[in-house]
Amino acid sequence: MLNRTRSDATDEQLLAAVARGEEAALRELHRRHASAAVRFAWRVLGDVADAEEAVADAFCDIWRKACRFNGGSRVRTWLLGIVRYKALDILRRSRGSAMEAFDDEAADPRDADSAPDPEDCLALRQDTERLQRCFERLSPAQREALYLAVVEGLTVAEIARIQDVPPGTVATRIHHARRKLRECAQGE
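If you count the sequence shown from 1, position 91 lands on 86 in our numbering, and the numbers rise without skipping.
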């Protein structure tokens, strides 16, 4: 496959190996990116089983279509774009619910070394619920753009490729999403 070990290979080298039909390269790409891809799909679908199905379908497409990668983006961005389309297909098929907002992934009070007092737990729960309600009021496109920027750490250009819109549109979505969250959180 490659002169270097698979774990040392770049994503681009692995994808080139996948295009040549090397299953081990696909396994390594899966090892590197499946967890983030499932988290992303779960944010879109709100269901772990559906998210895993979307990711599995995406990796099947990658196996068949790796040669179509043109290098115009990072492999991870390309992969998340495929996952997004697979997740949206599942939503359309199921005529399911709108995208679920992402939970506050801050520390769970039950995981703390010393348990906080009940008032702190209640305040944290109320803040989390308020943020969740505010997040749900964003449009699906704004939620997705904000999630990809804040949680996944993608750039505006990478999000634009995933959402198939101009970078300016992504920047506007993120700006408006943050403003709406701030206004909503202050107003509740």
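Note that beta-carbon positions come from the ideal geometry of N, C-alpha and C, so glycine has one too.
On the three-state DSSP scale, how would you describe residue i?
i, result
"VAL33", "helix"
"SER89", "helix"
"GLU7", "helix"
"ASP194", "Nothing about residue 194 can be read from this structure; the chain reaches only from -4 to 183."
"ASP42", "coil"
"GLY66", "coil"
"ALA107", "Confidence in ALA107 is poor, its pLDDT being 41 and thus under 50, which makes the residue's placement too unreliable to answer from."
"ARG15", "coil"
Return the Cβ separation of residue i and residue j in integer angstroms, given the expectation that the two are a contact with Cβ distance under 8 Å.
i, j, result
"CYS62", "ALA14", "4 Å"
"PRO162", "ALA155", "4 Å"
"ILE85", "LEU24", "Not a contact, Cβ separation roughly 21 Å."
"VAL70", "LEU149", "About 13 Å; that fails the 8 Å criterion."
"ALA29", "GLU147", "In fact, because the Cβ distance is near 14 Å, the residues do not count as touching under 8 Å."
Between which residues of its own chain and residue i is the CB-CB distance below 8 Å, once the five residues before and five after are set aside?
i, result
"ASN65", "none"
"SER89", "ASP45"
"VAL43", "VAL33 and TRP37"
"LYS175", "CYS129, ARG132, LEU133 and GLN137"
Starting from the C-beta of residue i, find all residues in its chain whose C-beta is less than 6 Å away, skip the five residues before and the five after it, and write them out in chain order.
i, result
"ALA36", "ALA46, ALA49, VAL50, VAL78 and ALA82"
"TRP58", "LEU21"
Identify, in the order they occur along the chain, each residue of the same chain with its Cβ nearer than 7 Å to the Cβ of residue i, setting aside the five sequence neighbours on each side.
i, result
"CYS179", "CYS129 and ARG132"
"ALA144", "ILE154 and ILE169"
"GLY76", "ARG156 and ILE157"
Comparing alpha-carbon positions, which option in the options lies nearest residue i?
i, options, result
"THR167", "ALA136, ALA11 and LEU149", "ALA136"
"SER68", "GLN181, GLU7 and VAL146", "GLU7"
"VAL160", "GLU139, ASP42 and LYS175", "GLU139"
"THR72", "ALA53, GLU18 and SER89", "ALA53"
"GLY182", "GLU17, ARG125, ARG38 and SER134", "ARG125"
"VAL33", "LEU74, GLN121 and LEU176", "LEU74"
"ARG177", "GLN127, ALA152 and THR164", "GLN127"
"THR164", "ALA152, LYS175 and ARG174", "ALA152"
"LEU27", "ALA4, ARG174 and GLY16", "It is Arg, not Leu, that sits at residue 27 in the sequence shown. Residue ALA4 is the option with its Cα nearest to ARG27."
ask   = Which full runs of the alpha helix (DSSP H) of 4+ residues lie inside the segment 130 to 180, going along the chain?
value = Listed in chain order, the complete alpha helix (DSSP H) runs (minimum 4 residues) inside the segment 130 to 180 are 135 to 145 and 151 to 158.
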